[in-house]
Ligand SMILES: [Zn+2]
């Protein structure tokens with residue numbers, strides 16, 4: 140996992156944040172596809188999002204106005 144390489148640079152609070160995000164305990168919205176809690180760093184007021192680190196996905200099938208997907212659904216989209 141690439142995430143683990145940055146893990147050691149995070150302080151305890153940041154680690155807890157990350158864990159909450161991954162486990163779905165912290166969420167900013169619901170995934171438009173599966174309805175599961177999803178987390179968007181942008182919605183949370185940050186300037187970048189975890190989705191920027193993923194390979195570009197083809198989101199042309201998705202509703203433009205809708206919110207982003209959860210990590211699971213985004214990873215399932217075809218690569219662009
Ligand atoms: Zn989803």
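Numbering (this note's numbering), first residue to last: 140 to 219. Don't be surprised by glycine CBs; every beta carbon is placed ideally from N, CA and C.
How would you label residue i, buried or exposed, when you count the other beta carbons within 10 angstroms and need 16 or more for buried?
i	result
residue 209	buried
residue 177	buried
residue 153	exposed
residue 160	buried
residue 190	buried
Any idea what DSSP makes of residue i, helix, strand or coil?
i	result
residue 213	helix
residue 196	strand
residue 172	coil
residue 218	strand
Can you tell me the Cα-Cα spacing of residue i and residue j, whole angstroms?
i	j	result
residue 219	residue 213	12 Å
residue 206	residue 170	7 Å
residue 217	residue 196	6 Å
residue 150	residue 156	10 Å
residue 198	residue 165	24 Å
residue 193	residue 158	18 Å
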